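Chemist:
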Amino acid sequence: MRCYTRGMPQKLSDAELSTGLETLPGWELRNGKLHREYRFADFTFAFGFMATCATHIEKVNHHPEWLNVWNRVTVDLMTHDAGGITNKDMELALFLETVAARFV
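In this note's numbering, the protein residues as written are 1 to 104.
#1: Express the C-alpha separation of Pro-64 and Arg-72 in angstroms, rounding to a whole number.
#2: Taking 8 Å as the threshold, find out whether the stretch 11-30 comes into contact with the stretch 43-62 through three or more Cβ pairs.
#3: Below 8 Å on the Cβ atoms is my guess for Gly-32 versus Met-90; work out the distance and round it to an integer in Å.
#4: For His-80, which residues in the same chain have their Cβ closer than 6 Å to its Cβ, ignoring the five residues on either side in sequence?
#5: Among Leu-67, Asn-87, Met-8, Phe-45, whose alpha-carbon lies nearest the alpha-carbon of Ala-100?
#6: Can you give me the Cβ contacts of Trp-137 inside the same chain, cut-off strictly under 8 Å, excluding the 5 residues immediately before and after it?
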């Protein structure tokens, strides 16, 4: 995957997306976004996952589209300014995976 330290993140190519998805089990492309649904033991675990992620998400200023219904958290990621999925989305997906593992 490309990594940019300055300027606007660039939309990933199809090959870069495919390679990135290989490292993110459970994630898929849906409607032009990285998509994942997490299932936790109950609402407390689902909400705890979201609350734990929130500080990092705010710090990196890259906010997911996510929805919580009882024990489920549905996440969609894309970089709107780039018009698609970028390395920022891949990095956030990896972070979410790391946090989710602590709540399962």
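Glycine included, every Cβ here is placed at the ideal spot set by N, Cα and C.
A quick note: this is a predicted structure, and the numbers were derived from the prediction, not measured.
Modeler: With the structure as the only source:
#1: 15 Å
#2: no
#3: Between Met-90 and Gly-32 the Cβ distance is about 15 Å, and since that is not below 8 Å, they are no contact.
#4: none
#5: Phe-45
#6: The displayed coordinates of the chain run from 1 to 104. Any statement about residue 137 would go beyond what the structure contains.
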